[in-house]
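> Right, I'll just put the structure down here and ask away after.
Protein chains in written order, with this note's numbering: chain U, 1 to 268; chain W, 1 to 268.
Below, the structure is given as structure tokens:
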């Protein structure tokens, strides 16, 4: 059972995990140093706990005590209770859901672990935007993909904004960072995956022309928002695939093209 | 040729179309009253003009004069030139692209006009979020749909945020609002469209089981972000369709499900 603490003011040092949530660069540093991430909103907090992640502490406005009673019951972490106005002073933004938890970051998985049991993998190169990472992971999870691999420069899936956009899909979907990005095509090949690089190149195969063999293990590779996939991946992938588009439209954004690709390559 | 005006300060009354761009409710009122909308960024300004929309005025930082020379050449609207810092004072936010135009809103189209020549229509019910409207219209346009119909409560596709997310697709894609939303199913039927309502209902047909007859005119109906499609539409549509999803995931967001549906129903 969580121990409850009524907190008097925003300056209480026990709230230090929750300060300045709007400051992206400060939070990046702080969350990595302290090995934590922030779950925001009743639903997301519950999902994080259900996924087996451990709360370091919770910060709740009084009205959330009841609906999160089961979560509080199941943890030994301290729960700080504070009115919503003061919570906003601490975090620096309007916490419209009034329920926060500082969660311990789970141990990172290795790409090998993630690939071992997967049949469908989404590989993301340099998606630096937290909203896009969150949206991509939500789509990938919804469409039955098993795992996500990230290039070193991809944004953090456990950053508050990513978690929020992903609706918590980042907790249940296994993912790993590939440190040696240059060797990634070989890594996939060694694990028995056929790689499909999403591309705008003129000689790409239209998505609807691609048929998957029964039992085939599929890796879909998507590039960054601006320049798209690097030349290295374009050349190294087994296939280059494009989503045929109407004239005059630049491209779909990465969340939309991922959704369409994952739909086409979904496990059946 | 646009007449150039060097503007001295943020208080100049000629800049009134550009004030307080961050204030959503004020801007809504103001843009409707004055019959204008704001195009932001070199690319979007050019697309708006190429789509035949008329600038009332432009507001540019000096460095954009050259790259927009063709646009300035082709218009009689005044062009106000101002340093980027003062532009930010006027608009109230960081205009990272330093090029704005106040455009005359085009005359609204009627649903009948829009439907007359379309084969693929996306119908949106109560998408109140500007980002979602923009993302949906970008996806719809990219996948070769011909038009969009909006319920009365849908967000404004010409609001700055929608335009930006849509990458200008709102200029070239015909759209109309349906005033009598209750009669919308009949309207589509009268125009020879088969309607497919995207739904989470258990008895919906999986999307991949749907085959379209040659020459069929297709209307895809998507519901609002929270509650999904209203019961009225669920009952009135010719078919209820669902995107099969992995266990434990609530749903795809509306931009992703629209992308997948439009991909499935794309004209071939």
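C-beta: ideal position from N, C-alpha, C; glycine also.
(1) Taking the Cβ atom as the reference point for each residue, do residue 123 (chain U) and residue 195 (chain U) lie within a distance shorter than 9 Å?
(2) Check this for me: beta carbons of residue 137 (chain W) and residue 37 (chain W), under 9 Å apart or not?
(3) Counting only the same chain and skipping the five closest in sequence on each side, list residues whose C-beta sits under 6 Å from that of residue 114 (chain W).
(4) Check each candidate in W:171, W:108, W:201, W:15 and name the one with the smallest Cα separation from residue 235 (chain W).
(5) Compare the C-alpha of residue 118 (chain W) against each of W:141, W:28, W:154, W:93 and name the closest.
(6) For residue 98 (chain U) versus residue 48 (chain U), is the C-beta spacing smaller than 9 Å?
(7) Smallest Cα separation from residue 210 (chain U): which of U:10, U:46, U:265, U:50?
(8) Sort out for me which residues DSSP pairs residue 121 (chain W) with in a bridge.
(9) Could you list which residues in chain U have their beta carbon closer than 8 Å to that of residue 245 (chain W), in chain order?
(10) How long is the line joining the alpha carbons of residue 35 (chain W) and residue 225 (chain U), rounded to whole angstroms?
(11) Determine, for residue 295 (chain U), whether the minimum Cβ-Cβ distance to residues of chain W falls below 9 Å.
(12) Can the beta-carbon of residue 54 (chain W) be found closer than 9 Å to that of residue 77 (chain W)?
(13) How big is the Cα-Cα spacing for residue 158 (chain U) and residue 109 (chain U)?
(14) Excluding sequence positions up to five away, which residues of its chain have a Cβ less than 8 Å from the Cβ of residue 242 (chain U)?
(15) Kindly indicate if chain U contains any beta-carbon less than 9 Å away from that of residue 260 (chain W).
(16) Considering only C-alpha positions, which residue in the set W:130, W:127, W:72, W:144 is nearest to residue 120 (chain W)?
(17) Would you list, in chain order, the members of the segment 118-139 of chain U that have their beta-carbon closer than 8 Å to a beta-carbon of chain W?
(18) Please report whether the beta-carbon of residue 99 (chain U) lies at a distance below 9 Å from any beta-carbon of chain W.
(19) In the DSSP assignment, find the alpha helix (DSSP H) that holds residue 79 (chain W) and state where it starts and stops.
(20) Which ranges would you report for the beta strand (DSSP E) in the segment 37-94 of chain U if only whole runs of at least 3 residues count?
(21) Which class does residue 103 (chain W) belong to by DSSP, given the choice of helix, strand or coil?
(22) Please classify residue 52 (chain W): is it buried, with 16 or more other beta-carbons within 10 angstroms of its beta-carbon, or exposed?
(23) In the DSSP output, which residue or residues are listed as bridge partners for residue 177 (chain U)?
(24) For residue 130 (chain W) versus residue 151 (chain W), is the C-beta spacing smaller than 9 Å?
(25) Given this structure, state the Cα-to-Cα distance separating residue 20 (chain W) from residue 91 (chain W), to the nearest angstrom.
(26) May I ask you to report which of helix, strand or coil DSSP gives residue 228 (chain U)?
(27) Assign residue 182 (chain U) to one of three DSSP states: helix, strand, or coil.
(28) Whole angstroms are fine: how far does the CA of residue 160 (chain U) sit from the CA of residue 167 (chain U)?
(29) Counting only the same chain and skipping the five closest in sequence on each side, list residues whose C-beta sits under 6 Å from that of residue 179 (chain W).
(30) State the DSSP-derived secondary structure class of residue 159 (chain U), mapped to helix, strand or coil.
(31) Got a sec, what are the start and stop residues for the beta strand (DSSP E) residue 240 (chain U) sits in?
(32) Tell me where the alpha helix (DSSP H) around residue 19 (chain W) begins and ends.
(33) Please confirm if residue 252 (chain U) has its CB atom under 9 Å from at least one CB of chain W.
(34) Given residue 257 (chain U), which residues of its chain have a CB within under 8 Å of its CB, disregarding the five upstream and five downstream residues?
(35) Quick one: measure Cβ to Cβ for residue 71 (chain W) and residue 46 (chain W), integer angstroms, because I've assumed they're closer than 8 Å.
(36) Looking at residue 154 (chain W): is its Cβ nearer than 9 Å to the Cβ of residue 220 (chain W)?
Taking the coordinates as given:
(1) Yes, these two residues count as a Cβ contact at 9 Å.
(2) no
(3) 147, 174, 176
(4) W:201
(5) W:141
(6) no
(7) U:265
(8) W:147, W:219
(9) Within chain U, the C-beta atoms nearer than 8 Å to that of residue 245 (chain W) come from 142, 143, 144, in chain order.
(10) 33 Å
(11) Because chain U is modelled from 1 through 268, residue 295 (chain U) falls outside the range shown and cannot be assessed.
(12) Their beta carbons are under 9 Å apart, which means residue 54 (chain W) touches residue 77 (chain W) by this criterion.
(13) 14 Å
(14) 198, 199, 200, 201, 204, 205, 206, 207
(15) yes
(16) W:144
(17) 135, 138, 139
(18) no
(19) Taken as a continuous stretch (DSSP letters only), residue 79 (chain W) belongs to no alpha helix (DSSP H), being part of the beta strand (DSSP E) at 78-81.
(20) 55-60, 78-81
(21) strand
(22) exposed
(23) U:150
(24) no
(25) Spanning the alpha carbons of residue 20 (chain W) and residue 91 (chain W) requires a straight line of approximately 5 Å.
(26) strand
(27) Correct three-state label for residue 182 (chain U): helix.
(28) Annotation: residue 167 (chain U) to residue 160 (chain U) spans about 11 Å, alpha carbon to alpha carbon.
(29) none
(30) coil
(31) 239-242
(32) Premise fails: residue 19 (chain W) is in no alpha helix (DSSP H) and is neither H nor E.
(33) yes
(34) 198, 222, 243, 251
(35) The Cβ separation is near 6 Å, so the contact holds.
(36) no
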